[in-house]
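Read through the structure below, which is laid out as structure tokens, and then see the notes.
Protein chains: 2
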Amino acid sequence: MPEDPRPALDLTRDAVQLTEDLVNIESVSGNEQQIADAVEAELRKLAHLEVRRFGNTVVARTDQGRDERVVVAGHLDTVPLNDNLPARRDETRLHGLGSCDMKGGVAVALRLAATMPRTNRDLTYLFYECEEVEAERNGLHLLSQSHPALLQADFAILMEPSGAVVEAGCQGTLRVDVTTRGRRAHSARSWTGVNAIHGAAEVLARLNAYEPRRPVIDGLEYHEGLNAVFVSGGVAGNVLPDACTVSVNYRYAPDLSEQEAYAHVREVFDGFEVEVGDSAPGAMPGLSVPAAAAFVEAVGGTVNPKFGWTDVARFSRLGIPAVNYGPGDPHLAHRQDELVPLEEIAVVEKRLRSWLEVSS
Amino acid sequence: MPEDPRPALDLTRDAVQLTEDLVNIESVSGNEQQIADAVEAELRKLAHLEVRRFGNTVVARTDQGRDERVVVAGHLDTVPLNDNLPARRDETRLHGLGSCDMKGGVAVALRLAATMPRTNRDLTYLFYECEEVEAERNGLHLLSQSHPALLQADFAILMEPSGAVVEAGCQGTLRVDVTTRGRRAHSARSWTGVNAIHGAAEVLARLNAYEPRRPVIDGLEYHEGLNAVFVSGGVAGNVLPDACTVSVNYRYAPDLSEQEAYAHVREVFDGFEVEVGDSAPGAMPGLSVPAAAAFVEAVGGTVNPKFGWTDVARFSRLGIPAVNYGPGDPHLAHRQDELVPLEEIAVVEKRLRSWLEVSS
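Order-wise, the sequence lines are chains A and B.
The working numbering puts the first residue of the first sequence at 2, with every later residue one more than the last.
The working numbering puts the first residue of the second sequence at 2, with every later residue one more than the last.
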């Protein structure tokens with residue numbers, strides 16, 4: 002009989018090796034079947050876990066009757082290939098697509114699932130699909146719609162790269178289009194028209210004058226930003242344009258709701274036409290919740306605010322406090338040269354292990 | 002034998018009927034063969050003209066040994082069809098593609114060519130192709146390259162629509178791209194980057210503060226303009242853009258050369274990256290030339306400055322003073338609802354006829 006061509010995962014090997022094996026199973030968003038099959042097959046061998054599969058999302062739960070339940074989650078997909086497979090390892094780092102975002106974290110979660118049949122908290126391991134693409138395909142989002150009870154927990158750890166330091170909370174993001182209007186005219190007779198691009202000078206001036214807030218929430222300082230991300234206008238090379246649109250992205254601290262963020266942006270651009278585009282609320286750090294506080298203490302006490310938007314905001318919307326905690330520099334995510342330091346994989350595994358260990 | 006399906010032109014009929022017949026020969030730029038064939042065929046029947054054909058451009062010259070030679074020119078092509086053929090006539094106006102720009106003027110020129118074997122000045126009639134498209138295809142441009150001697154004259158009348166009033170001179174036009182640079186950064190950490198769109202605020206502020214000149218040249222007041230015609234910038238919805246380009250169109254009075262116009266724009270945008278795009282010089286009104294002064298007096302004495310760019314600038318570059326003078330409101334050119342007042346066709350023909358008449 003021919004060998005099964007599918008690379009198997011061996012959960013008994015160390016987390017670095019496991020990360021390398023995971024990286025070598027290409028799993029660009031939409032193509033997660035092979036990696037999900039491998040993860041599911043290995044988890045099903047473990048008697049202490051109840052495993053379920055939804056699309057290419059795999060859920061595995063312990064049921065030890067503990068007072069507390071914690072979700073440990075990681076997405077299986079990566080951004081598109083960029084001539085950065087297979088994995089390559091040097092003395093201190095593993096290179097390759099998904100090494101940083103976030104197969105190092107997935108490897109640690111799989112190791113915990115495989116090697117800790119007994120823990121001081123019940124665990125819900127979640128390995129999900131399509132995090133890197135539109136929300137409608139996101140495995141965590143889909144599961145929260147179809148089986149919300151499966152996600153119920155006191156706390157969630159999203160193993161996104163965070164440099165092996167807890168990142169709490171998550172800024173909200175709002176995009177609006179600010180449009181100025183004019184009246185077309187031939188540019189040879191420009192005094193007969195009104196130039197909409199010239200009208201946008203005031204929009205840009207307000208952006209330049211804007212003083213972003215830096216509020217402190219649960220001891221973490223957030224840093225907001227209000228930025229033009231696109232500008233467009235123009236009809237023809239000899240015509241005064243009758244419209245100009247500046248797309249503005251507001252990144253706001255999690256003490257504001259989506260509605261408050263929108264009201265603020267409208268106020269900044271008072272007098273202009275403002276249309277709301279994408280919007281996703283932030284997530285409060287939630288560090289006052291006992292499970293979260295205990296976790297932070299167990300993994301070293303340092304917490305940074307999270308500026309970018311991650312699925313911690315989804316957990317937050319489900320009423321579950323969540324933090325990012327995983328190996329890898331988040332700034333390297335989505336880059337062709339992404340990598341993960343081997344040391345960070347080891348540190349994250351060790352700290353989670355000691356936090357979950359049943360005291361003797 | 003079947004009838005020739007090609008509509009014939011009858012130069013003995015009045016100029017309004019001739020305009021209608023010309024409009025009904027569709028001649029969108031690049032498709033002028035049929036109209037050029039018809040024009041050439043009729044002109045070749047006239048013994049007092051020497052006719053030559055170049056592509057779809059037809060030249061017909063008298064040779065009476067006069068001291069002065071005048072070019073009377075019109076283009077045969079039109080902008081694209083816009084559901085505005087065939088021609089339609091009401092009590093006072095003729096409607097349809099090319100009626101205004103510029104088959105009314107072409108009809109008058111053909112009438113003069115056909116009915117005035119003797120004139121007080123020698124005439125070079127020019128009916129040319131591809132005026133509405135890029136300069137490289139323009140029949141006047143091509144002829145000025147291949148047979149410049151054929152165009153030699155003391156004065157030129159370009160029968161572009163000018164409301165039956167002489168329009169003299171022509172503003173120059175220059176397009177430049179003004180680019181601001183920044184440094185990309187994730188919009189969630191905007192303080193680590195530099196936003197190039199925000200940097201364009203100053204470019205727009207200078208445009209808003211700009212005071213256009215209104216110089217008086219040969220008694221005509223020109224009105225300049227400096228206008229953004231395009232703006233673009235942006236990388237992604239969550240990225241601070243590293244470049245933003247404002248395309249600016251400078252329409253300048255003909256007392257400036259192309260070089261002076263460019264130097265002026267560079268000065269306005271001092272400190273910014275400025276790249277020159279399209280450029281076409283203006284044309285001085287040239288009304289002090291005796292032939293031009295006599296013409297203006299003969300047709301009523303009123304002269305307006307020309308703001309838009311026309312082929313008078315090409316004649317000017319050949320050293321031939323030129324004016325626009327033809328039936329039709331220039332603001333209706335290129336519009337679906339273009340039309341020409343019948344009265345203006347008649348007035349223009351009558352005035353040119355009396356200017357060219359051999360005094361008894």
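Glycine included, each C-beta is placed from N, C-alpha and C at the ideal position.
Compare the C-beta of residue i with all C-beta atoms of chain B and state if any pair is closer than 8 Å.
i, result
"His1 of chain A", "Residue 1 of chain A lies beyond the residue range present for chain A, which begins at 2 and ends at 361; the question has no answer from this structure."
"Arg252 of chain A", "yes"
"Ser188 of chain A", "yes"
"Pro3 of chain A", "The predicted position of Pro3 of chain A is uncertain, since its pLDDT is 48 and thus under 50; a value taken from the coordinates is nonetheless stated next. False, the Cβ-Cβ gap to chain B never drops below 8 Å."
"His224 of chain A", "yes"
"Ala206 of chain A", "yes"
"Leu241 of chain A", "yes"
"Gly327 of chain A", "no"
"Glu133 of chain A", "no"
"Asp78 of chain A", "no"
"Ala279 of chain A", "Note on identity: in this sequence residue 279 of chain A is Asp, with Ala being the wrong assignment. Interface residue, yes."
"Asn209 of chain A", "yes"
"Asp139 of chain A", "Here residue 139 of chain A turns out to be Asn, not Asp, going by the sequence shown. Closer than 8 Å: no."
"Asn83 of chain A", "no"
"Ala74 of chain A", "no"
"Ser163 of chain A", "no"
Quick check on the DSSP output: the alpha helix (DSSP H) that includes residue i runs from which residue to which?
i, result
"Asn325 of chain B", "Counting along the chain, Asn325 of chain B falls outside any alpha helix (DSSP H), though it belongs to the beta strand (DSSP E) covering Ala323 to Asn325."
"Thr116 of chain A", "Gly105 to Thr116"
"Gly220 of chain A", "Neither: Gly220 of chain A is in no alpha helix (DSSP H) and is coded neither H nor E."
"Val266 of chain A", "Glu259 to Val269"
"Ala202 of chain A", "Ala202 to Ala210"
"Asp22 of chain A", "Ala16 to Val24"
"His96 of chain B", "Here His96 of chain B belongs to no alpha helix (DSSP H); instead the beta strand (DSSP E) covers Arg94 to His96."
"His142 of chain B", "Gly140 to Ser147"
"Pro291 of chain B", "Pro291 to Ala299"
Within the 8 Å Cβ cut-off, does residue i reach chain A?
i, result
"Asp30 of chain B", "Inspection of the sequence shows that residue 30 of chain B is occupied by Ser rather than by Asp. So, not an interface residue."
"Glu245 of chain B", "Before going on, a small fix: residue 245 of chain B reads as Cys here, not Glu. Chain A contact via Cβ: present."
"Leu23 of chain B", "no"
"Leu357 of chain B", "no"
"Asn196 of chain B", "yes"
"Ser317 of chain B", "no"
Would you check if the distance between the CB atom of residue i and the CB atom of residue j is smaller than 8 Å?
i, j, result
"Arg315 of chain A", "Ser145 of chain A", "yes"
"Ala292 of chain B", "Asp155 of chain B", "yes"
"Ser289 of chain B", "Asp219 of chain B", "yes"
"Val177 of chain A", "Glu276 of chain A", "yes"
"Ala74 of chain A", "Ile346 of chain A", "no"
"Leu124 of chain A", "Leu12 of chain A", "no"
"Arg138 of chain B", "Val71 of chain B", "no"
"Gly194 of chain B", "Arg182 of chain B", "no"
"Val266 of chain A", "Ala284 of chain A", "no"
"Leu205 of chain A", "Ala202 of chain B", "yes"
"Thr303 of chain B", "Val166 of chain B", "yes"
"Leu333 of chain B", "Glu259 of chain B", "no"
"Thr120 of chain A", "Val359 of chain A", "yes"
"Val341 of chain A", "Cys101 of chain A", "yes"
Residue i: which of the options sits nearest, CA to CA?
i, options, result
"Gly238 of chain A", "A:Ala197, A:Ile218, A:Ala201 and A:Ser188", "A:Ser188"
"Ser30 of chain B", "B:Arg214, B:Asn228, B:Asn57 and B:Leu12", "B:Asn57"
"Glu248 of chain B", "B:Arg89, B:Gly309, B:Leu50 and B:Ser233", "Residue 248 of chain B is actually Ser in this sequence, not Glu. Ranking the options by Cα distance to Ser248 of chain B, first place goes to B:Ser233."
"Asn83 of chain B", "B:Val71, B:Val72 and B:Gly97", "B:Gly97"
"Gly408 of chain B", "B:Ala16, B:Leu353 and B:Lys307", "This structure cannot speak to residue 408 of chain B, because chain B is shown only from 2 to 361."
"Met367 of chain B", "B:Asp243, B:Gln65 and B:Glu21", "With chain B covering only 2 through 361, there is no way to say anything about residue 367 of chain B."
"Gln153 of chain A", "A:Thr63, A:Ala206 and A:His224", "A:Thr63"
"Glu130 of chain A", "A:Arg214, A:Arg89 and A:His76", "A:His76"
"Pro242 of chain B", "B:Ala281, B:Ile198, B:Val230 and B:Asn228", "B:Ile198"
"Asn25 of chain B", "B:His49, B:Glu51, B:Arg45 and B:Asp78", "B:Asp78"
"Ala150 of chain A", "A:Glu161, A:Ala114, A:His335 and A:Gly320", "A:Gly320"
Between which two residues does the beta strand (DSSP E) containing residue i stretch?
i, result
"Ile36 of chain B", "Careful: Ile36 of chain B lies outside any beta strand (DSSP E), inside the alpha helix (DSSP H) at Gln34 to Arg45."
"Asp123 of chain A", "Asp123 to Tyr129"
"Asp279 of chain B", "Glu274 to Ala281"
"Glu350 of chain B", "Run containing Glu350 of chain B: none in the beta strand (DSSP E); it sits in the alpha helix (DSSP H), Leu343 to Leu357."
"Ser317 of chain B", "Segment Val313 to Arg318 is the alpha helix (DSSP H) holding Ser317 of chain B; no beta strand (DSSP E) there."
"His332 of chain B", "Counting along the chain, His332 of chain B falls outside any beta strand (DSSP E), and DSSP gives it neither H nor E."
Residues of the region 167 to 178 of chain B in Cβ contact with chain A at a cutoff of 9 Å, in chain order, please. Gln172, Thr174 and Arg176
By the 9 Å beta-carbon criterion, what residues does the region 285 to 314 of chain B contribute toward chain A? Lys307, Phe308, Gly309 and Trp310
Positions along the region 224 to 238 of chain A whose CB lies within less than 9 Å of some CB in chain B: His224, Glu225, Gly226, Leu227, Asn228, Ala229, Val230, Phe231, Val232, Ser233, Gly234, Gly235, Val236, Ala237 and Gly238
Could you run through the region 115 to 132 of chain A and flag, in chain order, every residue whose CB is less than 7 Å away from some CB of chain B? none
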